[in-house]
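Just add 23 to the spot in the sequence shown (first one is 1) and you have our numbering. Even glycine gets a Cβ: it sits at the ideal position worked out from N, Cα and C.
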Amino acid sequence: MGVLALQGDVREHLEVLRAQGAEAVLVRRPEELDAVDGLIFPGGESTTMVKLADRFGLLEPLRAAVGDGLPAYGSCAGMILLADRLLDAPPDQETIGGLDVTVRRNAFGRQVDSFESDIDFSGLADAPVHAVFIRAPWVEEAGQAVEVLGRVVGGPADGRIVAVRQGNLVATSFHPELTGDRRVHAMFVDLVRSDVASRDIASRDIASRDIASRDIASRTENES
Ligand code: GLN
């Protein structure tokens, strides 16, 4: 598993991943990206991260990897990076994209530095997730293919979408890496493990198809 290590709360994500028994490494270069089965986009400052990704020659490789189905999880600024569309962002702010959502930056209000709430998070067993929001975005609109995993309960942001999944992409507006609640990371590690397993099966199928067609080809050659 990789954690994009350009800026933000990289160390916290690494620690949670390692606590899940996952082998976790830093990703700063395209070769490092090629070596991982799943990637976390940390919380931090999305404008800075995207500029650094561009400077490190990582922006296009990240878009290609995510577009190709690399499992990715973005928390807070990471959610902004995975969004296809942004609101309240500088007009030239680029994203990596992949999630068919419109994300509003600093949605809880610029003055509201941080805000905590219990979130009903579908797919997670036990009690709700205690979520910490720090100058956080929310999902203003989600496309058909996007599964809403969590919404704010109560308060002025009641009902706002703060956790989503679309295929291999997961994003939360909040920071489970800061609260010691490992369930969101555990869910993502499971997603990555099943993706690896299904790719192994697919490549075994391709390999056995190749062998079968080689057999047919050599039989046809022998017969002719
Ligand atoms: N407001 C930040 C941004 O737009 C995100 C804040 C965070 O990741 N805690 O990138």
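Is residue i helix, strand or coil when you go by DSSP?
i      : result
Leu93  : coil
Leu56  : helix
Val187 : strand
Glu163 : strand
Thr243 : helix
Ile119 : coil
Glu200 : helix
Pro211 : A quick correction: the sequence has Phe, not Pro, at residue 211. Correct three-state label for Phe211: helix.
Asp111 : coil
Asp136 : coil
Arg98  : Residue identity differs from the one stated: residue 98 is Ser in this sequence, not Arg. The answer is strand: DSSP assigns Ser98 an E or B state.
Asp181 : coil
Asp141 : strand
Arg38  : First, the amino acid is wrong: residue 38 is Glu here, not Arg. DSSP places Glu38 in helix when its eight states are reduced to three.
Glu83  : helix
Ala168 : coil
Ala225 : helix
Ala148 : coil
Leu27  : strand
Ala47  : coil
List the whole-angstrom C-beta distance separating residue i from residue j, where the pair is believed to meet the contact cut-off of C-beta under 8 Å.
i      : j      : result
Val59  : Met24  : 6 Å
Leu172 : Val162 : So it is not a contact: roughly 10 Å between Cβ atoms.
Gly121 : Leu105 : 5 Å
His153 : Asp32  : Rounded, the Cβ-Cβ distance is 17 Å, inconsistent with contact.
Val185 : Ser196 : 4 Å
Ala209 : Gln43  : 6 Å
Glu35  : Leu201 : 6 Å
Arg158 : Asn129 : 5 Å
Val169 : Asp111 : About 20 Å; that fails the 8 Å criterion.
For residue i, which residues of its own chain have a beta-carbon under 8 Å away from its beta-carbon, when the five flanking residues on both sides are left out?
i      : result
Phe211 : Gly61, Ile63, Pro94, Tyr96, Val193
Asp23  : It is not possible to answer for residue 23, since the shown part of the chain is limited to 24 through 247.
Please return the same chain residues whose Cβ sits closer than 7 Å to the Cβ of residue i, not counting the five positions on each side in sequence.
i      : result
Ala88  : Leu56
Gly178 : Ser140
Ala47  : Met24, Val26, Leu37, Leu40, Arg41
Arg51  : Ala28, Leu29, Phe79
Thr71  : Gln30
Asp181 : Val175
Met237 : As written in the sequence, residue 237 is Arg, which differs from the Met given in the question. For Arg237, where only same-chain residues beyond five positions count, there are no Cβ hits under 7 Å.
Does residue i come within less than 9 Å of chain D when only Cβ atoms are used?
i      : result
Asp136 : The question asks about chain D, but that chain is absent: this structure has only one protein chain.
Can you name, in chain order, every residue of its own chain whose Cβ lies under 6 Å from the Cβ of residue i, other than the five neighbours on each side?
i      : result
Leu214 : Pro94
Gly67  : Gln30, Gly31, Ala100
Asp136 : none
Ser69  : Ala100, Ile103, Leu104
Arg86  : Ile119
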